[in-house]
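Right under this line is the structure:
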């Protein structure tokens, strides 16, 4: 660029100089001509005037003086007088003198008449002079100047010669050299030309230096810096400059380079510090790049990786697992995936992989935990079931038998209750250990729950063999167990079932082993029994349920749900029915129909029933304190509870100790519940009413439904069973029945509540029939106490049940 | 009819190694029946061999014959990817016919 700029600048300067020189040369010539003309002017005037004088007077003295002057004038070479025809009128000055001499001697003679049309003259300048103009002609080649001056006729001559006004007599021609005029002007012009040239050259030089310093040099520095950037030296910077265009350009480029450097640095850091291994592979499978994590995971120096073959199928999205050596020398697992990408402008594949050893270990642990019992480390119920199913498939294929032992520790609950859970856990661990020792390694020992264990005996010969093993296990378990606090003799009862004789699937085999165990218990514990075909399974199931209910009571698994009751037809809140629920930790909510009869049979209903009243009292107190009026809460009381004398005593104690408020509580009884001993029932109900409880007849229409009941019993409300309500809109009989019940109850002055209302149609029809209140899914499902308060946040005070109005 | 000569490099007798071996045998039995030779090399037992072959990760499967030499790393669970990686099949091609496969590589 510098060279080009220099050439251009030089050319421009040369052009300027040439132009200047040319201009000067023109001016110089003009000056020379002007100087010469000035010099000749008075000579010309004098000559012309003396010529006129000569013509007018014929006296040649004056012109002689002037001719002498002319002769002495430097540079004036020739003076010629030309006639109209362009020919010299006088050949020379001598001729003129002769004319003069002649004129002195003779009188003036008229010249011949001029021709009418003078011949055309070749020289235009001469013609111009003849027309009256003074002309100057310079011939630089011979360095001469020729002046042509028109000779005008004097007015007096006209008369004599016959010339017209317009006609010129002739032309005075003065030819002179320019050399001396040139010499005069020359010095001054040379000086000014030299000065101008110097000015131009100096300006050019200054421009060159300025451009070099301000533009060329900074650009050069930017260029060298940019070249370093290109070659990877992103830390290079353009030197700082004032904030002109180039300085700003440099700063912008610096900023760009800085940002690029930072980004590159960050990206490099990310890749270098990433725990994810990254490898770039070209289309031939050769490694082009590997980050430190890749080297670490593959346990190779990075330099060794580059150029090697990794051997991963180059398919975008491909995933696989590889084994790696971890930092601690142990073997681990890495998950590897392939992504199509570009490298250096070429198609390539990025392979990323990361250590998933811990994650897989955690997953394996979680799987193990899900399938094993934490206390004993044995497989749990789920795992055992799975293993049993597989064993069955195998045994069926190979025609083998297998046996399931169901082992229950006798009186384990006592150990827990008297010695504490720590001792109980210790005992369970000891039992697990002994079971494991008592059977072959190929057999499966599992803990089902609590104090129940199972054993899968694979490939057992027959029933007797299985019983032998069971007996051996029982005896091994019965050996004294040294616990940290004391020594125990665990006693176990074992049931045995056999595949394929007792069942061909896991569930049946387990159930039958369980049944056999139950029968063994009945037969006197601490023994092993095989399943026999005549053994009923219902009893076994009941036995289990009973055990579970005991556990439920101990573990506080019972819940009290509430279902709202509303008035008809308005739908206003009246009260709630309290409903007992059992939330089994494994099976979830258990249907009341499944366990309430058993509670009654086992007598647990007294304890659980009291818990229901206590819970209801607590909830009522909470609602009262929260300012929520929930109306009357109705609690179900079973026949067993009513039949005993201590129901009233229990309730009295609750009123005293738990703040149970009878005026807020209603008691629901079933027809069958009071049917046994009417007199006793009436007496108990009377005592309850005296305390302020209200009584409702539940499930009306399903039991004896004797009219006498309604008349004899001291009750405050009748609840129509859901079975009638269900068909009321479709079934004419149900509709009539309900109408009759309502009429009958109203006849006795008792309000009626319909249970199990599920649709708007049912509610409407019941209201039309005069039913006083309703309850059912249409209004609200039963729910925990907390949910109910959400259901009815606007409940204000003074919402007593309809029953009080009787 | 040429045989397929394959070498599988694994690390130790782990369940993971066994899984890779099982996966590979499944593929080879299904695709090449008795027309293959498989050598299994434990890099813990023969580290020099692994070093010579520049085994970067295990499991690595190397197909020595027929050419071209090809290697596949990973658990060999994806049959198509394994065959593709060994250059024994192009994507989308069907199951190679026995005679065709043999003559093709002879």
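Residue numbers (my numbering), protein chains in the order written: chain A, 1 to 806; chain B, 807 to 912.
Each residue gets a CB set at the ideal place from its N, CA and C atoms; glycine is no exception.
Computed from a predicted model, the values in this text were never measured in an experiment.
State the start and end residues of the unbroken beta strand (DSSP E) segment that holds residue 353/A.
346-355
Please specify which runs of the beta strand (DSSP E), each continuous and at least 3 residues long, are wholly inside the segment 413-461 of chain A, giving them in chain order.
444-449, 452-458
Using a Cβ-Cβ cutoff of 9 Å, what residues of the segment 310-327 of chain A are near chain B? List them in chain order.
310, 311, 312, 313, 314, 315, 318, 319, 320, 321, 322, 323, 324, 325
Would a check of beta-carbon distances place residue 274/A closer than 8 Å to chain B?
no
Mind pulling the chain A residues with CB within less than 8 Å of residue 822/B?
The contacting residues are 321, 323, 333.
Using a cut-off of 7 Å between C-beta atoms, extract the partners of residue 890/B located in chain A.
313, 315
Counting Cβ pairs, one atom from each stretch, are 3 or more of them under 8 Å apart for the segment 873-881 of chain B and the segment 318-337 of chain A?
yes
What residue does the alpha helix (DSSP H) around residue 690/A start on, and which one ends it?
678-690
I'd like the ranges of any alpha helix (DSSP H) spanning at least 4 consecutive residues and lying wholly in the segment 820-900 of chain B.
821-838, 853-858, 885-891, all fully within the segment 820-900 of chain B.
Tell me whether residue 368/A sits in a helix, a strand or coil according to DSSP, three-state version.
Look at residue 368/A here: in three-state DSSP terms it is helix.
Going by beta-carbon coordinates alone, are residue 577/A and residue 634/A separated by less than 8 Å?
yes
Taking the alpha carbon of residue 437/A as the reference point, which residue from 618/A, 476/A, 465/A has its own alpha carbon closest?
476/A
Are residue 691/A and residue 655/A touching if we call contact CB-CB under 8 Å?
Cβ distance < 8 Å, so residue 691/A and residue 655/A count as in contact.
Where does residue 574/A fall in DSSP's three states?
strand
Shortest alpha-carbon distance to residue 603/A belongs to which of 242/A, 614/A, 644/A, 620/A?
Answer by Cα proximity: 644/A.
For a cutoff of 8 Å on Cβ pairs, would you count residue 336/A as touching chain B?
yes
Against chain B, with Cβ distances strictly below 8 Å, would residue 305/A count as a contact?
yes
Please state whether DSSP places residue 238/A in a helix, a strand or coil.
coil
For residue 607/A, which three-state DSSP category applies?
helix
I'd like to check one pair, residue 499/A with residue 510/A: are the Cβ atoms closer than 8 Å?
No, Cβ-Cβ distance for residue 510/A and residue 499/A is not below 8 Å.
Could you tell me which chain B residues have their CB closer than 8 Å to the CB of residue 298/A, listed as they occur along the chain?
862, 863
Given residue 427/A, which residues of its chain have a CB within under 7 Å of its CB, disregarding the five upstream and five downstream residues?
415, 481, 483, 488, 490
Report the three-state DSSP secondary structure of residue 473/A (helix, strand or coil).
helix
Given a cut-off of 8 Å, decide if residue 714/A and residue 739/A are closer than it, judged by their beta-carbon atoms.
no
Going along chain A, which residues have a C-beta under 8 Å from residue 879/B?
310, 311, 312, 320, 322, 336
Under the three-state reduction of DSSP, which class applies to residue 497/A: helix, strand or coil?
Three-state DSSP puts residue 497/A in a strand.
What does residue 343/A pair with, by DSSP beta-bridge criteria?
346/A
Using the Cβ count rule (16 or more neighbours within 10 Å means buried), how would you classify residue 353/A?
Burial check for residue 353/A: the Cβ neighbour count within 10 Å reaches 16 or more, so the residue is buried.
Near residue 116/A, what residues of its chain come up, given a Cβ to Cβ distance below 6 Å and the 5 sequence neighbours on each side ignored?
Low confidence applies to residue 116/A: its pLDDT is 41, below 50, so where it sits in the model is not reliable, and the reading given next is rough at best. Contacts found: none.
So, using beta-carbon positions, are residue 485/A and residue 419/A closer together than 8 Å?
Yes, these two residues count as a Cβ contact at 8 Å.
Starting from the beta carbon of residue 811/B, find every residue of chain A whose beta carbon is closer than 9 Å, and list them in chain order.
Going along chain A, no residue has its Cβ under 9 Å from residue 811/B, so there is no contact; the nearest lies around 16 Å.
According to DSSP, is residue 30/A helix, strand or coil?
Helix, per DSSP.
Measuring only the C-alpha atoms, how far is residue 512/A from residue 548/A?
Taking C-alpha positions only, residue 512/A is separated from residue 548/A by approximately 18 Å.
Around the C-beta of residue 816/B, are 16 or more other C-beta atoms found within 10 angstroms, so that it is buried, or is it exposed?
buried
Take the Cβ of residue 313/A as the centre, count every other Cβ of all protein chains shown within 10 Å, and call the residue buried at 16 or more, exposed below.
buried
For a quick check, are the C-beta atoms of residue 560/A and residue 612/A less than 8 Å apart?
In this structure, residue 612/A lies closer than 8 Å to residue 560/A by Cβ.
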